[in-house]
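Colleague: At position 181 of the sequence shown (counting the first as 1) the number is 181 in full-length UniProt numbering, and the numbers step up by one without a gap.
C-beta: ideal position from N, C-alpha, C; glycine also.
These numbers come from a predicted model, not from an experiment.
Can you read through this structure? Questions will come right after.
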Amino acid sequence: ARLNLKARAERKAVIAPHVLAVNTDQADLTGLKFIRNDYMHRILIGLRQTLGHGVGKINELGAKLAKEDGDKVMDAIRAEPRFYETHAFMIIAGAAGGTGSGGIPVIAKMIKERYLNKPILALVVLPFEHEQTTEARSVYNTATCLKSIYDVVDAVFLADNQRYVRKDMSLMNNMDKINRQIAEPFYDLLCAGEVTKGKFVGSRTVDAGDVLASLEGWTTVGIGRTVLPGMRFPWEINKKKFRDKALESFRGTRAMDATV
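Encoded structure:
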């Protein structure tokens, strides 16, 4: 949802026309900032059994409740006026918890059965190191989640929480930073083909069809950034031939292949 706001401001594009949050814990849904606060966007499942207090990391219960109340999610998807303009679904869940690890394969399967022509992408967030060492259930949930989701969706992205942790930051700042760093690589990916001004169209345009055709199974997203100065002197500009640029790209591709 935050990337959607950024895309609207910078590129006048809508990359996620419909964003939903699904949980068995009412408090978690209440704490969201960037998702509309109504029952069609913040969907509480399993209320009769959990009373809105979560499933306590029991992913079997999370899967059961997702199966029973999955129609709420399907109804919310169909209610979006721009739904039929979308190219794909992206489902995000934490692998250590009960609701996310148990519910994401169930919801993905429901979507797959109803919308055969729309790819489903999954972003699964791995637990912190302290969760793995102190809570055996987190390891079990992660293993079963990865096995189940791989058999259902078209592509799986993994994000490791522990890789982004900084010891010199508070817990709240760490969580916000982690969320930003996980979401950032998807910005350009989701903006592909959403150019609205002719002057921004390059000699070669990558659109959603190209992106979806290249995603399959366990998938890696790379991101690179360079800062360009506002002004350069003529002697600071290094002119290179197009052939040299092509050679650099070829070497970079070979290096990436060797790394993978």
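1. Based on the DSSP output, what are the partners of V22 in its beta bridges?
2. So, for N59: in the same chain, excluding its five sequence neighbours on each side, which residues have a beta-carbon less than 6 Å away from its beta-carbon?
3. Just to confirm before moving on: does the CB-CB distance between R122 and A108 stay below 9 Å?
4. Using CA coordinates, which residue listed in V152, V156 and Q162 is at the minimum distance from T133?
5. Between A79 and K167, what straight-line distance do the alpha-carbon atoms span, to the nearest angstrom?
6. Is the distance from the Cβ of D28 to the Cβ of I45 below 9 Å?
7. Taking the C-alpha atoms as reference points, what is the distance between A159 and K112?
8. Between the Cα of I104 and the Cα atoms of I178, C145 and G56, which residue gives the shortest distance?
9. Per DSSP, what kind of secondary structure is I35 in: helix, strand or coil?
10. Please classify E131 as buried or exposed, where buried requires at least 16 neighbouring CB atoms within 10 angstroms.
11. Less than 9 Å separating the beta-carbons of H53 and A21?
12. Within 10 angstroms of the Cβ of D75, are there 16 or more other Cβ atoms? Answer buried if so, exposed if not.
13. List, from N- to C-terminal side, the alpha helix (DSSP H) runs of 4 residues or more that fit wholly inside the segment 54-141.
14. Could you tell me how far apart the beta carbons of G94 and A155 are, in whole angstroms, since I believe they sit closer than 8 Å?
15. With a cut-off of 9 Å, does the C-beta of I104 fall near any C-beta of chain B?
16. Identify every residue that forms a DSSP beta bridge with F157.
17. Rounded to whole angstroms, what is the Cα-Cα separation between E184 and K177?
18. In the DSSP output, which residue or residues are listed as bridge partners for G52?
19. Quick check on this structure: which residue in M90, R36, I35 and Q26 has the alpha carbon closest to the alpha carbon of T50?
20. Would the beta-carbon of P17 fall within 9 Å of that of E129?
21. Buried or exposed: where does T30 fall if 16 or more other Cβ atoms within 10 Å of its Cβ makes it buried?
22. Using the rule of at least 16 other Cβ atoms within 10 Å of the residue's Cβ for burial, across every protein chain shown, is N37 buried or exposed?
Modeller: From the atom records:
1. I43
2. G98, S101, G102 and N141
3. Just to set this straight, residue 122 is Ala in the shown sequence, not Arg. Their beta carbons are under 9 Å apart, which means A122 touches A108 by this criterion.
4. Q162
5. 43 Å
6. no
7. 23 Å
8. C145
9. coil
10. buried
11. no
12. exposed
13. 59-78, 98-114 and 129-134
14. Not quite, the Cβ-Cβ distance comes to about 18 Å (not below 8 Å), so this is no contact.
15. Included in the structure is just one protein chain, with no chain B present.
16. L123
17. 10 Å
18. Partner(s): none; G52 has no beta bridge.
19. Q26
20. no
21. exposed
22. exposed
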